Structure formats: structure tokens, C-alpha cells
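Residue numbers (my numbering): 173 to 355.
Below you can see the structure in the form of C-alpha cells.
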């Protein structure tokens, strides 16, 4: 059965919204499933996505930037050089990955920059933190696709600015502010 969830009612609404079902599921080796759902925001609504994930035996969650940021900071404490190399790889991915180009493209949801072969050299980082490298990679590739579906006049740059702050080893306040979109 496809991953699904019950959208929350908006304030004042009486009728429950219908369940949403994933248009694509990405199954990882550790049993984690990343669900890609049709979104309804962004510059082109038919290209928008909503991302959820479910770890084995746990409830469905919506990923936040702060989750993978903290995980990368933990990994960096254990292997600074490799983690910075991984962060740079993710940052460079921003320039290679584009937004979805059609509804069909969104349904296919091909992740070309986070294949096992491309992530192999970072696998040692799986020994540290909560998340595996493939999870972080897939999640970020999807977030980039989502972020690139913004108006050309007002492009979103949260991910790129956040990665730059982490690579430049800005103080923790700056990184956390960007990750929680406060600052």
C-alpha cells in the first residue's frame, strides 16, 4: 500500500480533507521510505511536491531543514574532512538539479545526483548521527527540486544559503537561524 496521510484541516474548516497518497516512494536499505506527494504551492502548482518519510516502526514525518543540519553537524564532529566534502557535494548539486518540468516528470521523480555510486565515497558517515547518507542525499535532492519551483522574480535560496553557511563554518546561531528560517 502506498504511503498516505490525512491532511490537517485549516482553521475554521469543518470537513476533513481526503487522504493524500504518494505519487512516488523511495525505499532505502534500512527500511526508511521517502514519500513524494503532489503539492499545491510554488510557481507552477503541478510541479510542486510535499515530502514525507517513515522510518521502520515509526510514524510518518515531514522533514525539516533543522533535522538534517543537526545530523550533518554531528557527522562533522566525527569526521570533519569527509563531512565537509559531502556538504560541498550537496551544495554543488544545487546547480545541477532542476525543478520538475511537468506533472509526469514529478511522478517519475528521478533522482540522478544521489545514486548509490555517487554517494559511495561518503558511506563512512553512516557510522555517525541519526540519518544515513542516502536519506540525506535523496531528501536534499528533492528539497532542491521543490525550492527551484519558485518564481524567477523571487527565487528561494534557503538551501543554498544554508549549505554555504555550514561549509564556511559560520557560527551555530547563523546556521540554526537559516535552518529554522528565522534569520
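Backbone N, C-alpha and C define an ideal beta-carbon position, used for all residues, glycine too.
All figures in this text were calculated on a predicted structure; none of them were measured in a lab.
Notebook entry, point to check: Given residue 218, which residues of its chain have a CB within under 6 Å of its CB, disregarding the five upstream and five downstream residues?
Noted result: On the chain shown, position 46 is the one that residue 218 refers to. Closer than 6 Å at Cβ, skipping near neighbours: 275.
Next item on the list: Taking all protein chains shown into account, decide if residue 355 is buried (16 or more other Cβ within 10 angstroms of its Cβ) or exposed.
Entry: Locating residue 355 in the chain shown gives position 183, where the first residue counts as 1. The pLDDT assigned to residue 355 is 39, lower than 50, so where the model puts this residue is not dependable, and the model offers no usable value.
Next item on the list: Taking only the alpha-carbon atoms, compute the straight-line gap between residue 237 and residue 352 and give it to the nearest angstrom.
Entry: In the chain shown, residue 237 corresponds to position 65, counting from 1. In the chain shown, residue 352 corresponds to position 180, counting from 1. Each residue's Cα considered, the two are about 7 Å apart.
Next item on the list: Can you give me the start and stop residues for the alpha helix (DSSP H) that residue 207 sits inside?
Entry: Residue numbering aside, residue 207 sits at position 35 when the chain shown is read from its first letter. Note, residue 207: premise wrong, no alpha helix (DSSP H); beta strand (DSSP E) at 205 to 210.
Check: Can you give the beta carbon distance from residue 341 to residue 328, rounded, assuming they're within the 8 Å contact cut?
Finding: Reading the chain shown from its first residue, position 169 is the one you call residue 341. Reading the chain shown from its first residue, position 156 is the one you call residue 328. Incorrect: roughly 23 Å between the Cβ atoms, too far for contact.
Note to self: Could you give the first and the last residue of the continuous beta strand (DSSP E) run that contains residue 197?
What the structure shows: For the purposes of this step, residue 197 is taken as residue 25 along the chain shown, with counting starting at 1. Where residue 197 is concerned, the enclosing beta strand (DSSP E) stretches over 196 to 199.
Notebook entry, point to check: residue 186: buried (16+ other C-beta within 10 angstroms of its C-beta) or exposed?
Noted result: Position 14 of the chain shown holds residue 186. Result: exposed.
Checklist line | Rounded straight-line distance, which links the Cα of residue 251 to that of residue 346 | finding: Position 174 of the chain shown, counted from the start, is the residue given in the question as residue 346. Position 79 of the chain shown, counted from the start, is the residue given in the question as residue 251. So the two alpha carbons sit approximately 22 Å from each other.
Check: Smallest Cα separation from residue 181: which of 174, 175 and 192?
Finding: Stepping through the chain shown from its first residue, residue 181 is reached at position 9. Comparing Cα positions, the closest option is 192.
Next item on the list: For residue 226, write down the residues that DSSP places opposite it in a beta bridge.
Entry: Residue mapping note: residue 226 aligns to position 54 of the chain shown, counting from 1. Partner(s): 205 and 232.
Item checked: For residue 179 and residue 189, the rounded distance between their alpha carbons -> Position 17 of the chain shown, counted from the start, is the residue given in the question as residue 189. Position 7 of the chain shown, counted from the start, is the residue given in the question as residue 179. Spanning the two alpha carbons is a distance of roughly 6 Å.
Item checked: Simplified DSSP state of residue 266, which is helix, strand or coil -> One-based indexing of the chain shown puts residue 266 at position 94. Residue state, collapsed to three classes: helix.
Notebook entry, point to check: Which class does residue 176 belong to by DSSP, given the choice of helix, strand or coil?
Noted result: Here residue 176 corresponds to residue number 4 of the chain shown, with the count starting at 1. It is a strand residue.
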